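There are 2 protein chains.
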Amino acid sequence: MVVADRLSPTSYVVLGTIALRGPSTSYDLKRAVGRSIGYFWHFPHAQLYSEPQRLAELGLLEAETESEGRRRRTYRLTEEGRKELRAWLAEPTPEHFQMRDIAELKLFFNEVGDPGDVARLAREQVAAHRERIAVYEDMQARYADLDAVAKRMITLRLGLEMEHAALRFWSALLDEAGS
Amino acid sequence: MVVADRLSPTSYVVLGTIALRGPSTSYDLKRAVGRSIGYFWHFPHAQLYSEPQRLAELGLLEAETESEGRRRRTYRLTEEGRKELRAWLAEPTPEHFQMRDIAELKLFFNEVGDPGDVARLAREQVAAHRERIAVYEDMQARYADLDAVAKRMITLRLGLEMEHAALRFWSALLDEAGS
DNA sequence: GCCATACCGTCCGAAACAGACCGTATGCGC
DNA sequence: GCGCATACGGTCTGTTTCGGACGGTATGGC
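Line by line, the protein sequences give chains W and R.
Residue numbering for the first sequence follows this note's numbering, beginning at 1 and increasing consecutively.
Residue numbering for the second sequence follows this note's numbering, beginning at 1001 and increasing consecutively.
Have a look at this one:
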């Protein structure tokens, strides 16, 4: 499979989203991603316009230009595309997850700052994680009855676990640092 | 503070590391980062050569070229630099943390793949997180007696919390999916 | 008829990125 | 004392990614 090494995680986001939702325009992708994957895999929306084109050139997507006026293309998965996606899903995942947490960075360097900084940071983080948890729980509640969707929500559980872990940590730190 | 918006998280990693360790060469940074921050904030080492130069131009670091032969520069913090770092530590942190977890992505799209994929993925992840936990616990044990270092290890606790959360999730998933 | 607000898409300069590459020491076996 | 392997220390380069500014076009409401 020689195309495989021209593909990035973003490519699979596009492929996968189209596989789940059916044929989509870039804008469709943008909205779909914003509501779901966007929460745990960030990238700028501009990529959702360039990436499908690339994938089409590689033969993994097939573009269908509709209407001359506004030129918007609907992309659909080719057989190649589906195969590539399934191959990716089946192969091992060597990379460990990566975090990018400014708060953690600040905590690491805290001894250079003022004594009060840590407590303030912790307070902020507690608030932020609580808020995010609320958002996730809301999503979970909203779709709890739809079985098909519920299945997809499994990553939401992971997100919640992570948020709770972070919340626990910062809360404990706050207690220690004194409010 | 007009320099502030020319600074990225990486800039603060450099500034902070030098603040903690004292004057350092790029290579010193490379090693120090590899042993600590590298675990939760990845970036290519090449940046540890270019970034200090940039910071020196901005007046936040001060370069001292020693010996003509191998030209290696030792960087030390200027007053400006320390002030900038402290200001950063004191200011609020608007961004939420970001995760980049290929495994989570695969899980999200799992219904496109084969039925067995999820269980395999979960098994892999359990192993990977267990391994990482072992590494962290090892670090923790090694430095437990050194008080000064122990303080810095606080971020390690956060790392462990996160790893455990992930481990719990994937273990549970593995149980459900059946081995 | 006018304004506000979604909707939809493009573009661009600046960073980040991975990782190949290249010398120079230093040790170590033989 | 020679040859080799390994760690040390650093540079370079071509892609991607990244924000986010920008610019049109519908659509509805007043």
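Cβ coordinates follow ideal geometry from the N, Cα and C atoms, glycine included.
Here the structure is a predicted model, which is why all the values come from computation and not from measurement.
Check                                                                                                                   : Outcome
Proximal chain W residues relative to G1034 of chain R, where beta-carbon distance stays under 8 Å                      : Those within 8 Å of G1034 of chain R in chain W number zero; the least Cβ separation is about 14 Å.
Residue from R:A1128, R:A1127, R:E1104 and R:T1155 with nearest C-alpha to Q1218 of chain R                             : Examination of residue 1218 of chain R is not possible in this model, given that chain R is present from 1001 through 1179 alone.
Cβ contact check for the stretch 1018 to 1034 of chain R and the stretch 88 to 99 of chain W: 3 or more pairs under 8 Å : no
Close Cβ partners of S1171 of chain R (< 7 Å) along its chain, the five nearest in sequence each way excluded           : V1126
Proximity of Y185 of chain W and L1121 of chain R at Cβ, strictly below 8 Å                                             : With chain W represented from 1 up to 179, any question about residue 185 of chain W goes unanswered, as that position is not in the structure.
Selected residue, minimal CA-CA separation from L1015 of chain R, among R:A1134, R:K1083, R:L1107 and R:R1100           : R:K1083
Euclidean distance between Cα positions of R130 of chain W and L60 of chain W                                           : 41 Å
Interface flag, R31 of chain W vs chain R, CB-CB below 8 Å                                                              : no
Strand pairing of A19 of chain W, partner residues [DSSP]                                                               : A19 of chain W is not bridged to any residue.
Run of the alpha helix (DSSP H) containing M99 of chain W, from where it starts to where it stops                       : No alpha helix (DSSP H) contains M99 of chain W, which is instead part of the beta strand (DSSP E) from Q98 to R100.
Classification of E180 of chain W by the beta-carbon crowding that lies within 10 angstroms, buried from 16 upward      : Summary: the structure shown does not reach residue 180 of chain W, with chain W confined to residues 1 through 179, and so no result is reported for it.
Neighbour flag for L105 of chain W against chain R, beta carbons, 8 Å                                                   : yes
Contact with chain W by P1044 of chain R, beta-carbon distance below 8 Å                                                : no
Listed by chain order, chain W residues near V1013 of chain R by CB distance under 8 Å                                  : L105
Cα-Cα separation, H96 of chain W to D1101 of chain R                                                                    : 7 Å
Cβ of I1133 of chain R within 8 Å of any chain W Cβ                                                                     : no
Identity of the residue in W:Y49, W:Y39, W:L167 and W:A119 nearest A177 of chain W by Cα                                : W:A119
Top-ranked residue by Cα proximity to R1132 of chain R, from R:S1026, R:R1006 and R:H1164                               : R:H1164
R1076 of chain R - containing beta strand (DSSP E), residue span                                                        : R1072 to L1077
Interface partners of V112 of chain W on chain R, CB under 8 Å                                                          : G1016, A1019, L1020, R1082, L1085, R1086 and L1089
Sequence-distant residues of its chain with Cβ nearer than 7 Å to T1078 of chain R (five each side left out)            : G1059, L1060, L1061 and E1062
Strand pairing of L1061 of chain R, partner residues [DSSP]                                                             : R:L1077
CB contact below 8 Å: L7 of chain W versus chain R                                                                      : no
is_contact[D145 of chain W, chain R] using C-beta, thresh 8 Å                                                           : no
Length of the line joining the Cα atoms of F109 of chain W and L1020 of chain R                                         : 8 Å
Three-state secondary structure assigned by DSSP to S11 of chain W                                                      : helix
Buried versus exposed call for D5 of chain W [16 or more other C-beta atoms within 10 Å across all chains shown]        : exposed
Identity of the residue in W:L167, W:G159, W:T17 and W:R168 nearest Y39 of chain W by Cα                                : W:G159
Per-residue DSSP class, three states only, for S171 of chain W                                                          : helix
Short CB-CB distance (under 8 Å) between P92 of chain W and chain R                                                     : yes
Same chain only: Cβ atoms within 8 Å of T1017 of chain R, ignoring 5 sequence neighbours per side                       : S1024, L1029, A1032, V1033 and I1037
A27 of chain W burial status per 10 Å Cβ neighbour count (16 or more: buried)                                           : Sequence check: residue 27 of chain W is Tyr here, not Ala. Exposed.
Any C-beta of chain W under 8 Å from that of T1155 of chain R                                                           : yes
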